[in-house]
Structure formats: C-alpha cells, structure tokens
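With the working numbering, the residue at position 68 of the sequence shown is 133, and numbering never jumps.
Don't be surprised by glycine CBs; every beta carbon is placed ideally from N, CA and C.
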Amino acid sequence: MKLVLAYDSGEEGSERLSNELKALLPESTQITVIDLAGRNMSKDPAPSLRSDSRAMLLCTPYSGDLLKRIRAMEFAARCDDGRGEEHLADADLVLLGASRTGKTPLSFYLAQKGLMTANLTLVPEREPPEALGRVAPEKVVGLDMSTECLSLIRAERLRMLGLEPKASAYADIDRVERELNNAREYYRASGYRVCDMTNRSIEEGAHEIHDYIRTANE
C-alpha cells in the first residue's frame, strides 16, 4: 500500500507524523509526505512534485477529486488527536476512541478517500468537547478493541519509546479496561456507530467505516 500525505507544518512536523504512522501501519506501507508546495518532506525515496508539475497535475480532468483529497489530508492533519475542535462542524467523519485504537492512521487512510476526518481521544478524566455534541451522530464512529489487544499494543508502543511497560499505567490491563468501558458507555449514550478494531488491519477498519459513511449519506 502507498500512502501520500499532504502536510503543511514543515519538515519536523511531517517527519514526526510519518514516523508515527509507520509504527501503526503495515511494514509494507510506503509513506511519502509532501507539503502543499509540492516538496517531498519524507526520507522515503519518491519523486518530488515540482511546483510546475503540480500546477499541470491540478489542471487534469481529475483535478476536482485530487483537490478534494488534498484538502481532506490537510484537514486530517489539522484535526488530529483533538486539535482543531473549532473545525469539527466541517468534518465528514469524526473518529473517537481510547489511545492507540487506530484513530490517526484511520483518519489519514480515509482522508485519502476524500473524507474530511477528525479524531478525538476519549479518557475517563476528561469530558469530550462541547463541539462534538453539535456534530450529527451519523457522522461519528467510535473505535473499540479488546482489552487484551489494546494492552499489548500500548506495551509495544512503550517499548519502542525505550520504556518498561510495567512501570507505566498506560498499558496496565485495569487502566485499559477502564478507558475502553468509558468509551463504550459514551458511544451507547450518544447513539454512535461502533467499529471493533480488535486484530484488524487499518485497511479493514477503514473499509467498514467508509461503507457506513457512504450509506449514511445516501
């Protein structure tokens, strides 16, 4: 799978985003990050888009679809992990879930399909933003996962950061279960669609969510 990201926060921000996605997506995924001026901001070998070639590309018969996807990618970057709450009303889709349930990679994968996707992390200690309550329920999808699966994912993330999982509550099975139950209760109370990401690839989850959003908008 190839994933091309349009990003506008400079080289440092784009490299951080690329590294985070590589930690979550399949190893075979080729990630190329370009800024909106067409420069290749990633370290992966890929042809850069010069400003003149980009201008010609945008004049093709597919320019409307391409621009839609570029705007969706920019929106996903601006509204990642709770940022850009003021833009939630403009979203085609809002993903919710506990930390490490796949919100960010799903957001960018679906943005490649042209969906303006925002995502928010749910934790028991913090109420969701008021702006979320103004988003139509059919535009919101809650991500779920088994306690054991999420605990393992978090433990691996801590190891990648050079930390000992047992020294942190982040991967603790009781803490993980509490966060997941908190999210599930919120989904039920709000009437949100739920997508179970237990042992599923980003592609599988994205396909289910994309089909749901497409059907909901018919």
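Counting of Cβ neighbours within 10 angstroms places Ile238 among the exposed residues, the total staying below 16. Straight-line spacing of the CA atoms in Asp155 and Tyr174 works out to 18 Å. In this structure the segment 261-269 does not touch the segment 231-251; the number of beta carbon pairs closer than 8 Å is below three. Fully contained in the segment 183-271 are the following alpha helix (DSSP H) runs of length 4 or more, in chain order: 212-225, 238-255.
In the same chain as Arg224, and ignoring 5 residues on each side of it, the C-beta atoms closer than 7 Å to its own belong to Pro230, in chain order. Rounded to whole angstroms, the separation of the alpha carbons of Leu185 and Gly147 is 4 Å. Each residue's CA atom was taken as its position, placing Leu215 and Val206 some 18 Å apart.
Here DSSP, grouped into helix, strand and coil, assigns Gly179 to coil. Here DSSP, grouped into helix, strand and coil, assigns Gly147 to helix. Counting along the chain, Gly162 sits inside the beta strand (DSSP E) bounded by residues 158-162. Distance check between Tyr257 and each of Arg143, Ala137, Leu161 places Leu161 closest, using alpha-carbon atoms only. The residues Leu160, Leu161, Gly162, Thr166, Gly167, Lys168, Cys260, Met262, in chain order, have a CB closer than 7 Å to that of Leu208 in the same chain once the five nearest residues on each side in sequence are set aside. A direct Cα-to-Cα measurement between Ile267 and Ala183 gives close to 16 Å. Taking the Cα positions, Thr280 is about 15 Å away from Ala201. By the criterion of a C-beta distance shorter than 6 Å, Glu203 is surrounded in its chain by Ala281, once the five residues flanking it on both sides are discounted.
DSSP, reduced to helix, strand and coil, places Arg136 within a helical segment of the structure shown. For Arg199 and Tyr251, the gap between their C-alpha atoms comes out near 15 Å.
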